[in-house]
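Here's the structure we're looking at; comments come further down.
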Amino acid sequence: MDLLSALHSFVRVAATGSFSAVSRETGVSQPTISRHIALLEAHYGTTLFARTTRSLTMTEDGRSLLPHAYEVLEILETAETVLGRRRASVSGLVRLGVTTAFGLCLTRRMGELLDRHPDLSVEVVMRDSFGDMVEEGLDLAVRVGDIAEGTLIARKLGVVHKWLVASPACLQRHNTPQHPRELTEYPGVVYNYGSSRLDWNFERDGEESVIAPAAVFRANSSEAVMYAVEAGIGVGLLPAFQVRDAVASGRLVRLFADWNIPGLPFYAVHTGPRTLPLRTRTVMDFLVDVSADLLRDGGLLSPVV
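No gaps in the numbering here: position 216 of the sequence shown is 216 in full-length UniProt numbering, and each next residue is one more.
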């Protein structure tokens, strides 16, 4: 048992949050994975994971070691590639956290990536809000909005445009609004992350209109909001790439297309090191390609600046 093998087990346990998951992934027995972690803890004289019968949580010392472990393994991987001691293939598991709307777009394209790299595995975790990436065992994530965590390394993919939409049936019942201020009288379907108030902002020719929608339905899932809008419950503000097809087919109507609605920055993020393992870097490049295609497909994302 050597220190490099132990470091490899350590970073995978940190990513997956499970000894058994690493065992299944690598084909190494779970007791061996446990011994790897014990070796590191003895070597550094500290505890790297707090263990209970139900959970495995990285300690502060474990968090401190993680970026250095990644760096050591990346240096080794680079050296082996340069010296030709490994096949030029991408292999291993990448756990990717994505928002629901983008995740569905990404899933439709995932076959392209896996066909190119048959030894690569991707586990997609879809939900619209994420906590600590290390605790959730994510190698890479897509975040929409400003990045608050100073420890994350972010690559900007663009800016997500938003469209205000309603169903034809909803507009028939309530008439079509002519100005954003009329939306205060409309039933609103609001996409939120638990905030008590989420304003809708509109701007045109120097005129600004900030609306607090009268929310009759809220959800922290953009898919739930879209279904509610299509069902005629009310008017909703959603990512343009998510509702484009519904607008094109007539299931939804886009409102106030001549008004500017501020977009949200769109990032691929990871916890480090800055130089990613080859498998994670490959998935990152795929995210960039998919985002660029969305940009070209109707201008649904603003260019990266």
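Even for Gly, the Cβ is constructed at its ideal location relative to N, Cα and C. Every value quoted in this text rests on a predicted model; they were computed, and no experiment measured them.
Report back the beta-carbon spacing between residue i and residue j to the nearest angstrom; my notes put them in contact at under 8 Å.
| i | j | result |
| --- | --- | --- |
| HIS270 | THR282 | Not really, about 13 Å apart at Cβ, beyond 8 Å. |
| PHE49 | ILE33 | No, PHE49 and ILE33 are not in contact; Cβ-Cβ is about 11 Å, not under 8 Å. |
| residue 355 | VAL72 | What the structure shows of the chain is the stretch from 1 to 305, and residue 355 is not part of that stretch, so it cannot be assessed. |
| LEU93 | GLU135 | Not confirmed; about 18 Å, so no contact. |
| PRO187 | ALA214 | 6 Å |
| GLY236 | VAL225 | 5 Å |
| ASP199 | ALA212 | 6 Å |
| ALA69 | PHE10 | 6 Å |
| ILE261 | ASN201 | 7 Å |
| GLY145 | PRO265 | 7 Å |
| MET110 | VAL122 | 7 Å |
| THR47 | ASP61 | 7 Å |
Do residue i and residue j have their CB atoms nearer than 7 Å?
| i | j | result |
| --- | --- | --- |
| GLY97 | ALA141 | yes |
| THR100 | GLU223 | yes |
| ARG181 | SER209 | yes |
| LEU294 | ALA268 | no |
| MET58 | ALA14 | yes |
| VAL190 | ALA228 | no |
| GLY17 | LEU66 | no |
| VAL22 | ARG12 | yes |
| LEU138 | ARG95 | yes |
| SER291 | LEU157 | yes |
| LEU255 | LEU114 | no |
| VAL253 | GLY234 | no |
| GLU128 | SER221 | For the record, residue 128 in the displayed sequence is Asp; it is not Glu. Contact: yes. |
| VAL159 | GLY263 | yes |
Exposed or buried, which one is residue i when buried takes at least 16 other CB atoms within 10 Å?
| i | result |
| --- | --- |
| HIS161 | buried |
| ARG155 | exposed |
| SER249 | exposed |
| ARG143 | buried |
| HIS117 | buried |
| ALA6 | buried |
| LEU276 | buried |
| GLY131 | exposed |
| ARG204 | exposed |
| ARG54 | exposed |
| HIS8 | buried |
Could you tell me which residues DSSP puts in a beta bridge with residue i?
| i | result |
| --- | --- |
| TRP200 | ILE211 |
| GLY158 | PHE266 |
| ALA292 | Bridge partners of ALA292: none, in fact. |
| VAL72 | Paired residues: none, contrary to the question. |
| GLY236 | VAL165, VAL189 |
| LEU255 | LEU164 |
| ALA248 | Answer is none; ALA248 lacks a bridge partner. |
| ALA219 | TYR191 |
| GLY97 | VAL125, ALA141 |
| GLY92 | LEU120 |
> Whole beta strand (DSSP E) runs in the region 104-190 with 3 or more residues, listed along the chain?
Replying inline: 120-126, 140-144, 153-160, 162-166
> At what residue ranges does the UniProt domain "HTH lysR-type" (1-59) contain a whole run of the alpha helix (DSSP H), taking only runs of 4 or more?
Replying inline: 3-16, 19-26, 30-44
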